[in-house]
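Structure, as structure tokens:
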Amino acid sequence: MKMEIRVGERIRALREKSGVTQDRLREVLGLENRQTIGQIEADERRITVPELMTVLEFFDVPLERFTNPFIPMATPKFSWRQSDSEIDDLRQFEERASEWIGAYREFGRALGEDRSALRHTLDLTFKSSFEEATAAGSAMARQLELGIAPGKALADVMQQRMGILVLMVDALPGISGAASTLPDLDVALINRREPEGRRNFDLAHELFHLLTWKTMPPKWLDGEAANDAEAKKLKRIEQLADRFAAGLLMPKEAIEALGEPGEDVNEWVKEKAGVLGVSAQALGYELIDAGIICPEYLHNSSRRKLARRATALPPLFSRPFAERLAKAISRGLISVSRAAVLTDLTIEAMGRLFDDHGVVRPSTMGGPMADAA
Numbered sequence: 137m138k139m140e141i142r143v144g145e146r147i148r149a150l151r152e153k154s155g156v157t158q159d160r161l162r163e164v165l166g167l168e169n170r171q172t173i174g175q176i177e178a179d180e181r182r183i184t185v186p187e188l189m190t191v192l193e194f195f196d197v198p199l200e201r202f203t204n205p206f207i208p209m210a211t212p213k214f215s216w217r218q219s220d221s222e223i224d225d226l227r228q229f230e231e232r233a234s235e236w237i238g239a240y241r242e243f244g245r246a247l248g249e250d251r252s253a254l255r256h257t258l259d260l261t262f263k264s265s266f267e268e269a270t271a272a273g274s275a276m277a278r279q280l281e282l283g284i285a286p287g288k289a290l291a292d293v294m295q296q297r298m299g300i301l302v303l304m305v306d307a308l309p310g311i312s313g314a315a316s317t318l319p320d321l322d323v324a325l326i327n328r329r330e331p332e333g334r335r336n337f338d339l340a341h342e343l344f345h346l347l348t349w350k351t352m353p354p355k356w357l358d359g360e361a362a363n364d365a366e367a368k369k370l371k372r373i374e375q376l377a378d379r380f381a382a383g384l385l386m387p388k389e390a391i392e393a394l395g396e397p398g399e400d401v402n403e404w405v406k407e408k409a410g411v412l413g414v415s416a417q418a419l420g421y422e423l424i425d426a427g428i429i430c431p432e433y434l435h436n437s438s439r440r441k442l443a444r445r446a447t448a449l450p451p452l453f454s455r456p457f458a459e460r461l462a463k464a465i466s467r468g469l470i471s472v473s474r475a476a477v478l479t480d481l482t483i484e485a486m487g488r489l490f491d492d493h494g495v496v497r498p499s500t501m502g503g504p505m506a507d508a509a
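Here it is as structure tokens:
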């Protein structure tokens, strides 16, 4: 089985994105009638090499746009949660992320795996109160049955029950994560080298953006604004996202299950934060709001530098991504060497990736021969 590159479909997507009519493209290519453009875009008529070169020049895009099946035809929309990253570096990293997302989608299509027909939304607007955002997060934690440690279960539940792809990545310095959306797929990218509490909070924050993208579309960079009025609105949206994340990760049931504080409040909060998979500071705010600890905790903890809890580094990408990649290699959709280039890994490291996720290696990487059937 080979990956099918639908050049005509990619031309149509590029033309529509650029706002170019079929008649205008007909003129550019020097064709006699518009129907020929329709035939090319439907892959009923093969485009010639000179015609393709003209298309590349007209739209000012590289040949790879048509030869690399992992570059999505519909450009993913991204919103990055970052600080102090170089814009050019961020754009390059976004191109890599787009390939991972595109590969996941194209492999799924070639393997005949169903895409989720359901898109989840959140009934909030930028005029919603912080209390409403917190309540929405807590309600979602209950509805998704995240248990008394929601942060520990969130990534798996997002993928298994919501159809949202979660990718743990080695991001550039300053990048915490991103939300990305396509017409048929939502994705959350998280910097796996951040502390566990930060990772989980970022994931819940990005989930808010994915669920409210239509009503409160985020900017490419979190907080990026054109004027003061927009800045005020965007700040409000980010605050709502933070309150939703707090409600999702620390609902009332989870807070109550922590019990009473010990004698050393700082150590008790740090320990319970580890249980919930959140930061001690975030839990401290929630415990103060609930009247469980005194506000002095924040003052005392700020004067006392607490050692950062050591947590295991999560495996790269995610199990659904690794499973689909392994199937694609086994079915001949992508070679082992090309898969290594796609993932920015050595072949040995890619083998460990499958092992880390409990995914059977393809036979070409030392797995059982039966997987190639």
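FYI, the numbering for the sequence shown is 137 to 509, going by our numbering.
We treat Cβ as the ideally placed atom computed from N, Cα and C, and that holds for glycine.
- Here the alpha carbon of HIS256 sits roughly 30 Å from the alpha carbon of ARG151.
- Counting only runs of 4+ residues, the alpha helix (DSSP H) found wholly inside the region 137-174 occupies 143-154 and 158-165, in chain order.
- The region 304-324 and the region 271-288 do not touch, with fewer than 3 CB-CB distances between them shorter than 8 Å.
- Residue environment: THR348 is assigned as buried (16 or more neighbouring CB atoms within 10 Å of its CB, all protein chains considered).
- By the CB criterion at 8 Å, VAL411 and ASN336 fall outside the cutoff.
- Within the region 406-439, complete alpha helix (DSSP H) segments of at least 4 residues are found at 416-425 and 432-439, given in chain order.
- Rounded to the nearest whole angstrom, the CA to CA distance from LEU449 to ARG182 is 48 Å.
- Just so you know, the alpha carbons of ASP378 and LEU301 end up roughly 21 Å apart.
- Between ASP492 and PRO456 a beta carbon distance of about 14 Å is seen, past the 8 Å cut, so the two are scored as non-contacting.
- Residue GLU374 holds the alpha-carbon nearest to the alpha-carbon of PRO354 among VAL164, GLU235, GLU374 and GLU407.
- Each of GLU422, ILE237 and PRO186 was checked against the Cα of ARG460, and the nearest Cα belongs to ILE237.
- Between the region 339-346 and the region 312-325 there are three or more C-beta pairs closer than 8 Å, enough to call the two in contact.
- Beta-carbon to beta-carbon, LEU258 and ALA291 are separated by about 18 Å, too far to satisfy the 8 Å threshold.
- Each of ASP250, ASN204, LEU481 and GLU389 was checked against the Cα of ALA271, and the nearest Cα belongs to GLU389.
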